[in-house]
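Below is one structure, written out as structure tokens; comments come after it.
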Amino acid sequence: MVTVSGRHRMRSNLRGAGAAAAATALVAVVAGSWFGYQQLAGPSCSGRIELSVSAAPEIAPAVRGAADDWVANGAAVGGTCIAVNVLSAESVDVAAAVASKHGATLAGVGQASGTAVTPDVWVPDSSTWLVRLKAGGASAFAPANGASIARSPVVVALPEPVATRIGWPNKELRWSDMLDQVTASKPLRAGIVEPTQDAAGLSGLLSLTAAASSTGEAGSPKAQEAMVGALRALATNRSSLRQDLLARFPRSTDPTAIANGLGAAALSEEDVIAYNNTKPPIKLAALYLDPAPIPLDFPFAVLPGIEPSKASAARVLFEALRSPDFKDRLAAQALRAPDGNWGSGFQAPTGAPSPANGGEKQVPPSGQGGAADLDPVAISTATTTWSVATQSGRMLCVIDVSGSMKKPVATANGASREQVTVAAASQGLGLFDDSWSIGLWTFSTNLQGSQDWKELVGIRPLSSNRGELQRGLASIRPSSGNTGLYDTVLAAYKKVQQDWEPGKVNSIVLFTDGKNEDDANGISQKGLLAQIKKLRDDEQPVQVIIIGIGTEVNRAELKSITDAAGGGAFVTTDPSKIGEIFLQAIALRPPAPR
Numbered sequence: 001m002v003t004v005s006g007r008h009r010m011r012s013n014l015r016g017a018g019a020a021a022a023a024t025a026l027v028a029v030v031a032g033s034w035f036g037y038q039q040l041a042g043p044s045c046s047g048r049i050e051l052s053v054s055a056a057p058e059i060a061p062a063v064r065g066a067a068d069d070w071v072a073n074g075a076a077v078g079g080t081c082i083a084v085n086v087l088s089a090e091s092v093d094v095a096a097a098v099a100s101k102h103g104a105t106l107a108g109v110g111q112a113s114g115t116a117v118t119p120d121v122w123v124p125d126s127s128t129w130l131v132r133l134k135a136g137g138a139s140a141f142a143p144a145n146g147a148s149i150a151r152s153p154v155v156v157a158l159p160e161p162v163a164t165r166i167g168w169p170n171k172e173l174r175w176s177d178m179l180d181q182v183t184a185s186k187p188l189r190a191g192i193v194e195p196t197q198d199a200a201g202l203s204g205l206l207s208l209t210a211a212a213s214s215t216g217e218a219g220s221p222k223a224q225e226a227m228v229g230a231l232r233a234l235a236t237n238r239s240s241l242r243q244d245l246l247a248r249f250p251r252s253t254d255p256t257a258i259a260n261g262l263g264a265a266a267l268s269e270e271d272v273i274a275y276n277n278t279k280p281p282i283k284l285a286a287l288y289l290d291p292a293p294i295p296l297d298f299p300f301a302v303l304p305g306i307e308p309s310k311a312s313a314a315r316v317l318f319e320a321l322r323s324p325d326f327k328d329r330l331a332a333q334a335l336r337a338p339d340g341n342w343g344s345g346f347q348a349p350t351g352a353p354s355p356a357n358g359g360e361k362q363v364p365p366s367g368q369g370g371a372a373d374l375d376p377v378a379i380s381t382a383t384t385t386w387s388v389a390t391q392s393g394r395m396l397c398v399i400d401v402s403g404s405m406k407k408p409v410a411t412a413n414g415a416s417r418e419q420v421t422v423a424a425a426s427q428g429l430g431l432f433d434d435s436w437s438i439g440l441w442t443f444s445t446n447l448q449g450s451q452d453w454k455e456l457v458g459i460r461p462l463s464s465n466r467g468e469l470q471r472g473l474a475s476i477r478p479s480s481g482n483t484g485l486y487d488t489v490l491a492a493y494k495k496v497q498q499d500w501e502p503g504k505v506n507s508i509v510l511f512t513d514g515k516n517e518d519d520a521n522g523i524s525q526k527g528l529l530a531q532i533k534k535l536r537d538d539e540q541p542v543q544v545i546i547i548g549i550g551t552e553v554n555r556a557e558l559k560s561i562t563d564a565a566g567g568g569a570f571v572t573t574d575p576s577k578i579g580e581i582f583l584q585a586i587a588l589r590p591p592a593p594r
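In UniProt numbering, the protein residues as written are 1 to 594.
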């Protein structure tokens with residue numbers, strides 16, 4: 001049987017009965033070899049092997065239709081019936097469940113719901129989910145196949161009157177043009193579905209930040225300023241639900257309504273078609289900007305660990321979903337075939353490119369968007385930078401200034417560990433908005449009398465102490481002392497807990513290149529862990545993040561501290577990677593308690 005059900009949090013208002021939230025269809029479906037089920041079909045079968053499939057809501061009705069055809073033809077393999085249970089499920093929900101099963105952490109996704117399960121076959125809306133899971137720590141996550149079965153280009157959607165003002169449909173527009181529009185003195189009101197939870201939002205974010213990076217040398221102050229400006233412009237009108245974002249587009253032809261409504265958002269082509277099919281007062285224009293962003297590519301991912309009989313069933317299902325008939329089923333759902341072409345009945349938006357349907361512009365090659373063609377570093381950087389730049393928190397930054405921090409870093413043109421660490425902290429400071437509260441300490445041994453730590457800047461809102469923090473960071477120099485880790489961690493924990501602020505993640509981020517070297521005069525590891533466990537208050541949590549630098553750190557030592565307090569230990573043997581690790585550490589913090 002084929003069962004289609006699921007929650008349509010983001011798209012329920014835009015779909016017909018075929019994608020309704022509680023839709024259920026009962027169909028018997030059989031699978032066979034990779035080369036096609038027809039040669040294995042039989043007049044009858046017995047028994048049942050169940051294959052579970054989770055498909056993104058846009059494509060689930062088409063998958064169900066292909067399964068209906070199977071059962072009508074009485075397909076069977078080896079005399080055994082195959083039941084395929086197809087669930088319509090948001091990609092972010094399945095990703096959370098898969099991440100939980102494989103021990104991965106995805107920035108901005110959060111924990112899987114108690115009812116979430118991992119399927120045998122997963123058809124998310126984008127291969128970026130597969131890349132993020134692998135990069136997020138799911139080392140054993142190696143799904144089979146992964147080839148695309150459909151496509152929907154990512155576009156920038158604008159109300160048609162707004163699009164006309166900036167040259168649509170006659171003017172060739174680039175992402176740099178859109179960057180200018182959203183960061184102008186009188187900006188276009190742009191919005192986004194949370195890119196850590198939505199593949200189209202992530203694709204748009206990647207394109208926009210790439211345009212920002214091109215405004216100067218990579219990592220330069222000018223490029224970072226452009227990127228942060230773009231992120232904050234989008235964050236002003238961000239939404240966790242697609243249908244909520246769509247509801248912000250103007251619902252009246254009145255000029256005031258148009259001026260006050262949402263002016264632009266990165267969506268899929270399918271979203272624009274579905275929205276316009278509801279006959280809104282103002283239709284959306286789809287802008288296909290250059291360079292073309294990563295499309296939604298709907299990979300057919302056979303998840304690891306399934307039984308051989310189920311794997312065989314999955315292979316035949318894939319063949320059915322690549323047939324010529326399936327292209328027409330996709331067209332009925334406003335989706336293209338994997339090569340960018342479309343089937344009968346597809347209602348292409350004005351200016352939609354196609355390699356075979358008369359458009360002057362070409363759809364990117366079908367390989368673009370597949371997991372093998374994606375850059376995991378770019379995706380990770382985009383999601384972590386977004387999380388840092390658009391959230392708020394209260395943080396004490398603690399930097400090691402022991403003598404070993406003088407060591408040069410070969411991969412950083414000979415800069416010292418201290419210089420590399422300070423540079424990473426300074427660059428990160430530029431991502432935090434004025435709602436953050438940040439303080440700065442340094443530590444070694446006997447840094448201030450017999451005290452191992454020294455306060456350079458107290459924890460205060462950046463609106464009042466950003467300049468002081470910048471000056472404090474610039475003043476940091478390594479000492480000749482050792483590493484007084486344990487005493488410093490305990491003092492920092494007490495300090496952050498003392499003035500704990502509700503509604504924010506209260507955290508300590510500590511950088512060190514060594515292990516504790518203050519055993520004679522300081523607290524022991526056992527004593528530190530006992531003290532933290534005694535002080536810990538789950539009603540007012542303090543997250544401890546420790547970033548270990550170089551080869552002298554003791555990962556187990558750091559992890560014992562963060563396990564006791566709550567948080568995480570990150571170690572990089574290459575100090576030049578501190579900036580990336582810092583962003584990852586901040587981005588993976590839990591949501592602020594309410």
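Quick reminder that beta carbons are idealized off the backbone N, C-alpha and C, glycines included.
CA nearest to the CA of residue i, picked from the options
| i | options | result |
| --- | --- | --- |
| glycine 263 | Arg189, Asn237, Ile294 | Arg189 |
| valine 123 | Gly458, Gly568, Phe298 | Phe298 |
| leucine 469 | Ser479, Arg477, Gly458 | Gly458 |
| serine 127 | Val409, Ala530, Asp198, Gly403 | Asp198 |
| phenylalanine 237 | Asn260, Pro255, Ala223 | The sequence given here places asparagine at residue 237; phenylalanine does not occur at that position. When each option's Cα is compared against that of asparagine 237, the closest is Asn260. |
| methionine 227 | Pro338, Asp375, Thr381, Asp339 | Thr381 |
| valine 109 | Gly472, Leu133, Trp175 | Leu133 |
| glutamine 111 | Pro119, Val92, Asp125, Trp129 | Val92 |
| valine 420 | Gly567, Asn521, Pro575, Thr488 | Pro575 |
| threonine 551 | Leu462, Ser214, Thr512 | Thr512 |
| serine 479 | Val98, Leu429, Asn446 | Asn446 |
| lysine 515 | Thr483, Trp500, Arg536 | Thr483 |
| alanine 425 | Asn413, Leu296, Gly439 | Gly439 |
| proline 349 | Glu160, Ile578, Ala83 | Glu160 |
| lysine 283 | Pro195, Thr164, Gly343, His102 | Thr164 |
| valine 94 | Pro187, Cys81, Val117 | Val117 |
For residue i, the three-state DSSP class (helix, strand or coil)
| i | result |
| --- | --- |
| residue 619 | Limits of the chain in this structure are 1 at one end and 594 at the other, which puts residue 619 out of reach. |
| residue 605 | Nothing in the structure corresponds to residue 605, since the chain is present only between 1 and 594. |
| tryptophan 129 | helix |
| serine 444 | strand |
| asparagine 145 | strand |
| isoleucine 192 | strand |
| alanine 211 | helix |
| leucine 267 | strand |
| tryptophan 436 | coil |
| arginine 460 | strand |
| valine 109 | coil |
| aspartate 290 | strand |
| arginine 315 | helix |
| alanine 474 | helix |
| lysine 134 | helix |
| glycine 42 | Only weak support is given to the placement of glycine 42: the predicted model assigns it a pLDDT of 45, under 50, and the value that follows is read from those uncertain coordinates. In the structure shown, glycine 42 sits in coil (DSSP, three-state: anything other than H, G, I, E or B). |
| serine 100 | helix |
| isoleucine 258 | helix |
| aspartate 180 | helix |
| valine 117 | coil |
Residues that residue i bridges to, as DSSP identifies them
| i | result |
| --- | --- |
| residue 614 | With the chain covering 1 to 594 only, the question about residue 614 has no answer from this structure. |
| glycine 393 | Val505 |
| valine 398 | Trp441, Leu510 |
| phenylalanine 300 | Ala147 |
| proline 408 | Ser416 |
| tryptophan 122 | Ser54, Ala301 |
| serine 239 | Val193 |
| leucine 284 | Pro159 |
| serine 323 | Paired residues: none, contrary to the question. |
| serine 88 | Ala55 |
| arginine 336 | Arg151 |
8 Å Cβ cutoff, residue i in contact with chain C
| i | result |
| --- | --- |
| glutamate 307 | The chain labelled as chain C is not found in the depicted structure, where only one protein chain is given. |
Practice task
Flag this pair as touching only if the region 240–258 and the region 137–152 have three or more C-beta atom pairs under 8 Å; answer yes or no.
Solution key: Fewer than three pairs of CB atoms, one per stretch, sit closer than 8 Å, so the region 240–258 makes no contact with the region 137–152.
Problem - Start-end ranges of the beta strand (DSSP E) lying completely within the region 491–577, minimum 3 residues - result: Every unbroken stretch of the beta strand (DSSP E) spanning 3 or more residues and falling wholly within the region 491–577 is given here in chain order: 505–512, 543–549, 567–572.
Handout entry: the region 537–544 / the region 483–503 touching (three or more Cβ pairs under 8 Å)
Key = Inter-segment contact for the region 537–544 and the region 483–503 is present: three or more beta-carbon pairs are separated by less than 8 Å.
Problem - Touch test, the region 284–291 against the region 48–55, Cβ-Cβ under 8 Å, three pairs minimum - result: Three or more beta-carbon pairs separated by less than 8 Å are not found between the region 284–291 and the region 48–55, which leaves the two stretches without contact.
Exercise for the section: Say whether the region 86–101 touches the region 146–162, bearing in mind that this needs 3 or more beta-carbon pairs closer than 8 Å, one atom from each stretch. Expected result: Touching, no, given that fewer than three Cβ pairs across the two stretches are closer than 8 Å.
Practice task
List in chain order: all unbroken alpha helix (DSSP H) runs of 4+ residues lying wholly within the region 149–174.
Solution key: 160–165, all fully within the region 149–174.
Handout entry: Cβ contact (3+ pairs, closer than 8 Å) linking the region 259–278 and the region 61–73
Key = Not touching, per the Cβ criterion.
Practice task
For the region 305–313 and the region 325–334, state whether three or more C-beta atom pairs, one from each stretch, are separated by less than 8 Å.
Solution key: Not touching, per the Cβ criterion.
Practice task
Could you say if the region 578–587 and the region 374–390 meet the contact criterion of at least three C-beta pairs nearer than 8 Å?
Solution key: Judged by pairs of C-beta atoms under 8 Å, the region 578–587 touches the region 374–390, as three or more such pairs exist.
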